[in-house]
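A.B. asks:
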Amino acid sequence: MQDFTQKVIATIQRIPYGRVATYGQIAAMSGAPRRARHVGRILQKYNGPDDLPWHRVINSRGQISLPHFGGYEVQRALLMQEGVVFNEQDVVDLKLFGW
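Structure representation (structure tokens):
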């Protein structure tokens, strides 16, 4: 599991500025395509340097998975600062902004 965690962190660090990736995409790129939930758990428990662009990871529907007033607003603001656009339903177009 430690090896998978390191691969996940390394993959997230490669997400370009102004782009997003899904939990499932990160899992697949890290060698375990059926471990999207594990990616979420890794991010939840991450206690490394603050330079990890965690905010660039969203769900497969193009939405932020964090709850309102539980990190949602911070993640949305960080993505918007990078030029990521949300539609009226707060969904990111993965075809335009996906990695």
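Residue numbers (this note's numbering): 6 to 104.
Even glycine gets a Cβ: it sits at the ideal position worked out from N, Cα and C.
(1) Rounded to a whole number of angstroms, what is the C-alpha to C-alpha distance between residue 77 and residue 57?
(2) Compare the beta carbon distance of residue 28 and residue 87 with 7 Å and say whether it is the shorter of the two.
(3) Just verifying my parser: in three-state terms, what is the DSSP assignment at residue 103?
(4) Which same chain residues end up closer than 8 Å to residue 83 when comparing Cβ atoms and leaving out the 5 residues on each side of it in sequence?
(5) Taking residue 13 as the reference, give the member of 20, 24, 44 with the closest Cα.
C.D. replies: Straight from the coordinates:
(1) 17 Å
(2) no
(3) strand
(4) 60
(5) 44
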